[in-house]
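Residue numbers (UniProt numbering): 1 to 1157.
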């Protein structure tokens, strides 16, 4: 049965005609070749058919004995003998990977391989080419310690605990505050360096009291900015130290090159056949042979784990099916599970048996895994000898994991945490890790409490030993711990499906020795390059271990540059926001990524027939702001200004997000805000409808289809839909003469079968217009055959979403000679420039994946994620207003920095005065301490006479203590009698206690008890009395509650004088050095005058230009009353923005198919 009409054009109806088998051979039984033209071809044939260089087979192919064949094979230069394993390897395999290590081995064991390895050695990088920072994990701690000690004339210890991935900088009390140049509040030089090493940002808090007189900590903006500036200055000084130190520079060069610049990316060979064994070369009546890049991708899959980072439309389906069959043929896997998106299950199910007619393929439909059928179907998977099993992601997520494997995973995590607790010296870290351990123990207890369910078949029971995940970005929410908090654009969320996938991958890797895991996605990076690390963590954790970046923080310390800024949140509070400002060492990052990823971009699809875009690029339709939208923007500006001036922003924290959502919706159609708005003829929706009608007629002859993407399309209140942009487009098109059955709204099709039938009708030309969202019409939707025009009514937030939209139309199988992509935007709104930003970001991502970028690249700031303080400028659409906000923000920051500079200058002067006063005092104290220690090197209680007043205590030391205990108890009773209700603790001055020639003053403290004094609340205070060392500091009182503790304390009081002397000497030396440095080193100049002057002039010019325009003349909203929409549009009645929260909060309700953990 072939679904075609007689002219070969596909329709939705079935027409029966004879298949290709009546006219030509469609199946080609395969057998191993029995001869080869030369020795090189023989080696390639052996590798292609047996996945190894089988010398017996190679010798047979060229009719030579094995010794002669091996000699010729190695002499060809295309094959090498690996000196450790003695395996014969392809040139591409041996001369790739860590070639630096291979060269070291070859010099000892295989000198004949040395010239070839030397020819492929990466050029060593100089220190100037390496981007390093305080915190780069590969920098030895001693280099940081030497920098601190030599640059700041101080003593400290720098260490790195790999187990907990944390740096420590320790110094004694005197050293901690010896450098006043970098001191602000409770932050000093060592604490700032430790923060930089651990990729943390300093934050200074001050105490304030609220209306209820309760203490709270508030971020000190000025001090925090200063601490941040100090940290950045220290990072610069460290880099300069390394650059100026030949020894340190050479050491870092050697370490970096050994770890990151030692690898060569492998170029995989083409197989020795065009049609893979077991496959056919005719599919759907057409010649079908994999293209070169597809064959190389299959070769990569055979060699080990791989990420197929192929652009949309590159033919990943054929690669995965062929790869699964090659794994089975070469006995690298016995049963491969291919997991695909629900929308593409039917496509895989139809294609796989057509390419491999004799393959044993099991297709798991959604109905097969319903509760009552699940066990039976899982049994079929387990007991069947399947070449491949294909199922949808939703079905895959239902397969349960073995509780023993889950428990083992938890236990290993707990063991890692216990190791951190044992090795950590930081109490805050220990407390945090203890919390994590407690949570895992709780989860483990719950797991152990479950009774074993004998009727459940777990994933580990299925016999799956190879796993292929299509559209793998759906599983990217794989939680990882990091010290980097609040990184904008970095998704650290967790999902149950990602956790379950990790366990399944672990099971397969343990079963296969770490191989047979394959991911496929056209968008491996959806937002930031940091996502590369997460993908590699899935595919090849061994690669991360090899490069030493098994944790995200280590990865970030090498490849990411973090920028920090103070930002005001929706409640008016200031917080530290971090974002990736740049990516460093991108060439090495790309090499590492491409060692596990096969990257194919649109530009690599040479020979792939895809229609070009008309005009060479998407058409941007810029629509002038209509009076309705202009007036609405005025309302949004006023609403934001009212919010800014409100005394309690915490109650209104939703307002900025509300404004942002409204500003995007109103440009599509004002009725998305309120259905009572009139239909605006110049809205994007209406302009789009007119274009759809025009294109409908243009492509009538070929039944060309159109797709409309609109993610913000609903206005819902209390569960009632008030307006639907999708349905409104359809209504208008039908009213203008297009038959209703030629228009489809994706929301009307709910089941997989309904959607599959709809897509077939689009491809056949029966449905000419399809309307939906990126989520529902993006990944996995194949409607390209007659797709002529793509309409983008709104701009998505991520480059990956733009690629998914574009991938529906620019795709293999489109019969049109060229296609159109039309994007709609309203001038002077958030629409302006959003697509350009996303395109630049996508190019930046592509260049980084391909390794074409410079060594360090700046992250493209995503203006879609707006700072709250820029709202009024952003929604105005005027770039001058945006620049005005930026300048004003920077000028405020300069004011804060200058204020802090002046304060530090005063603090510096006060420190000099204090040190000049303290040094002479200490110079008098130290000789007195020396005299005391000389007179009393120790206090032998057993041999010295002890007097209480005039009474001598006689006998042994034990007898003396017994007598003294009686004296103390009498004193406690006397003190208790001196207490009262107002003062429950009484006091009694005792006679002095004399030991040798040292006299001590005693004061008893006592409280009344039930019958006698309270023993728990009574004690004696003691201190030196009549100590004739007037220059010594006043002695603090000590306490004891019995004679033994009293005498022991007195003895320690004397012994401590030795330690006091040493400490005083150190403090005196530190203070003298500090004072000398303060006097000899002039204070750093505040050199922002030039920047301030230039910015002030630019600001004056912008204000002058704005004042000549209507935007500049607009008065600020100063009323205390919330602006009402009805003030701007009287026909709407009294409606507040607060009343619209539920309406405006309900745009695209489709979310990724994930469960948040």
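All residues carry an ideal CB built from backbone N, CA and C; glycine is no exception. The model shown is predicted, which means the values in this text are computed figures rather than measured ones.
Three-state secondary structure (DSSP) of residue i
i: residue 1220; result: Examination of residue 1220 is not possible in this model, given that the chain is present from 1 through 1157 alone.
i: residue 120; result: coil
i: residue 355; result: helix
i: residue 1007; result: strand
i: residue 792; result: strand
i: residue 1000; result: strand
i: residue 741; result: helix
i: residue 1020; result: strand
i: residue 110; result: coil
i: residue 447; result: helix
i: residue 828; result: coil
i: residue 549; result: coil
i: residue 263; result: strand
i: residue 781; result: coil
i: residue 166; result: strand
Sub-8 Å separation of residue i and residue j beta-carbons
i: residue 743; j: residue 769; result: yes
i: residue 1102; j: residue 880; result: yes
i: residue 532; j: residue 539; result: no
i: residue 383; j: residue 335; result: no
i: residue 517; j: residue 593; result: no
i: residue 580; j: residue 530; result: yes
i: residue 1085; j: residue 929; result: no
i: residue 55; j: residue 69; result: yes
i: residue 553; j: residue 131; result: no
i: residue 825; j: residue 496; result: no
i: residue 313; j: residue 786; result: no
i: residue 218; j: residue 206; result: yes
i: residue 1083; j: residue 642; result: no
i: residue 292; j: residue 270; result: yes
i: residue 559; j: residue 585; result: yes
Reference residue i, options the options, closest by Cα
i: residue 589; options: 294, 260, 406; result: 260
i: residue 612; options: 988, 813, 837; result: 813
i: residue 265; options: 95, 189, 371; result: 95
i: residue 1131; options: 767, 443, 675; result: 675
i: residue 396; options: 443, 179, 459, 1022; result: 459
i: residue 456; options: 440, 372, 522; result: 372
Terminal residues of the alpha helix (DSSP H) in which residue i lies
i: residue 507; result: 496 to 512
i: residue 1159; result: The chain is shown from 1 up to 1157; residue 1159 falls before or after that span and cannot be answered.
i: residue 314; result: First-last for residue 314: undefined, no H or E at that position.
i: residue 42; result: 39 to 50
i: residue 709; result: Where residue 709 is concerned, there is no enclosing alpha helix (DSSP H), although the beta strand (DSSP E) it sits in stretches over 705 to 709.
i: residue 688; result: 684 to 698
i: residue 769; result: Run containing residue 769: none in the alpha helix (DSSP H); it sits in the beta strand (DSSP E), 769 to 772.
i: residue 655; result: 655 to 668
i: residue 150; result: 141 to 152
Start-to-end residues for the beta strand (DSSP E) that takes in residue i
i: residue 994; result: 993 to 995
i: residue 1066; result: That residue, residue 1066, is in no beta strand (DSSP E); its alpha helix (DSSP H) goes 1043 to 1080.
i: residue 128; result: Run containing residue 128: none; DSSP gives neither H nor E here.
i: residue 467; result: 466 to 470
i: residue 520; result: 517 to 520
i: residue 361; result: 361 to 364
i: residue 987; result: 985 to 989
i: residue 800; result: Unbroken run through residue 800 is the alpha helix (DSSP H), 799 to 806; no beta strand (DSSP E).
Which ranges does the alpha helix (DSSP H) cover as unbroken runs of at least 4 residues, wholly within the region 179 to 246, from first to last along the chain?
189 to 197, 221 to 244
Starting from the N-terminal side, write out each stretch of the beta strand (DSSP E) that is 3 residues or longer and does not extend beyond the region 567 to 639.
574 to 583, 597 to 600, 619 to 623
Which whole runs of the alpha helix (DSSP H) in the region 46 to 106 are 4 residues long or more, in chain order?
55 to 62, 66 to 75, 91 to 94, all fully within the region 46 to 106.
Length-filtered (3 minimum) beta strand (DSSP E) runs lying within the region 268 to 348
Runs found: 306 to 310, 336 to 340.
Taking the runs of the beta strand (DSSP E) that are 3 residues or longer, which of them lie wholly in the region 369 to 407?
388 to 392
In chain order, which continuous runs of the beta strand (DSSP E) of length 3 or greater are located wholly inside the region 883 to 959?
946 to 948, 951 to 953
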